[in-house]
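> In the working numbering, the protein residues as written are 9 to 197.
Idealized CB from N, CA, C, for every residue including glycine.
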Ligand SMILES: [Fe+2]
Ligand SMILES: [Fe+2]
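1. Quick check on residue 142 - is its C-beta less than 9 Å from some C-beta in chain C?
2. Would you mind working out which of 138, 152, 122 and 137 sits nearest residue 163, comparing C-alpha positions?
3. For residue 84, name the three-state secondary structure that DSSP assigns.
4. Could you have a look at residue 142 and say whether DSSP puts it in helix, strand or coil?
5. Would you be able to state if there are at least three C-beta pairs under 8 Å between the segment 71-79 and the segment 34-46?
6. Name the two residues that bound the continuous alpha helix (DSSP H) containing residue 112.
7. So residue 159 and residue 188 are supposed to be a Cβ contact under 8 Å. How far apart are they, rounded?
8. Give a yes or no on whether the C-beta atoms belonging to residue 52 and residue 70 are separated by under 9 Å.
9. So within the segment 138-194, which uninterrupted alpha helix (DSSP H) runs reach at least 4 residues, ignoring any that extend past its ends?
10. Anything with a beta carbon under 5 Å from a heavy atom of ligand 2 counts; list them all in chain order.
11. So is residue 67 buried or exposed if we call it buried at 16+ other beta carbons inside 10 Å?
12. Can you say whether residue 129 is buried or exposed, counting buried as having 16 or more other CB atoms within 10 angstroms of its CB?
13. Do you know offhand how far residue 142's Cα is from residue 154's?
14. Going by alpha carbons, who is nearest to residue 87 out of 150, 184, 170 and 186?
15. Is the closest heavy atom of ligand 1 to the C-beta of residue 116 under 8 Å?
16. Alpha carbon to alpha carbon, how far is residue 117 from residue 46?
17. Can residue 60 be considered in contact with ligand 1, in the sense that its beta carbon sits closer than 8 Å to one or more heavy atoms?
18. I think residue 103 touches residue 97, with their Cβ atoms under 8 Å apart; what is that distance to the nearest whole Å?
19. Contact defined as beta carbons within less than 8 Å: I believe residue 34 pairs with residue 161. What is the distance between those atoms, to the nearest angstrom?
20. Output needed for residue 105: all residues of its chain with C-beta closer than 7 Å, excluding positions within five of it in sequence on either side, in chain order.
See the structure below:
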């Protein structure tokens, strides 16, 4: 991971670099628990926020290279840092693995039909131990759950958290939530 760490230091403040490292550690732990290969997970989770501190205009320009950006998204440029990050990682490190790029692109909103790698990164980003919204209750509810059960719990938590803070809840998050609700009947969420 050294080849990633050095450039990441150029793009991220110390605090966000530490968040990225904790997200990777959490993602690796989850992958092992769920018997999912850790290699792609490591790269995607460590690099997921690479575009988070890029200025708005540049972020929109980067994301637009590979994604159709709707007008409303430009009003919430922070939502675009996933898509911009996927483009940046592909350019900087010649990564063309779909699972890795998808995990980075959609870690902000999630979307229906995500790969296991993307699911893990989405969960780890929200529950890494430095997050101040974490409480023992959430940690306990996630114990001994399948990947989709954990994801359902986290997606619901994240949507509620965003609503409370007046942040937008995207249609994609809503669709992911509905998809998971149809597939998972063992979780109260
Ligand atoms: Fe992020
Ligand atoms: Fe993050």
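Reading from the atomic positions:
1. The structure shown contains no chain C; it holds only a single protein chain.
2. In terms of CA proximity to residue 163, 122 leads the group 138, 152, 122 and 137.
3. If DSSP states are grouped into helix, strand and coil, residue 84 belongs with coil.
4. Residue 142: coil per DSSP, three-state reduction.
5. No, they do not touch.
6. For residue 112, the enclosing alpha helix (DSSP H) has its first and last residue at 106-113.
7. The beta-carbon distance between residue 159 and residue 188, rounded to whole angstroms, is 6 Å. This is short enough to meet the 8 Å contact definition.
8. A distance of 9 Å or more separates the beta carbons of residue 52 and residue 70.
9. Look at the segment 138-194 and you find these whole runs of alpha helix (DSSP H), each 4 residues long or longer: 144-150, 155-172 and 179-191.
10. With the cut-off at 5 Å, the residues found are 57 and 133.
11. Buried is the call here.
12. Of the residues assessed, residue 129 falls on the buried side of the cut-off, its CB having 16 or more other CB atoms within 10 angstroms.
13. Rounded to whole angstroms, residue 142 to residue 154 spans 20 Å at the Cα level.
14. With respect to the C-alpha of residue 87, the residue from 150, 184, 170 and 186 having the closest C-alpha is 170.
15. The nearest non-hydrogen atom of ligand 1 is less than 8 Å from the C-beta of residue 116.
16. Their Cα atoms are separated by approximately 22 Å.
17. Within the cutoff, so yes.
18. Rounded, the Cβ-Cβ distance is 5 Å, consistent with contact.
19. Their Cβ separation, rounded to whole angstroms, is 15 Å, which puts residue 34 and residue 161 out of contact at 8 Å.
20. Cβ neighbours of residue 105 beyond the five flanking positions: 48.
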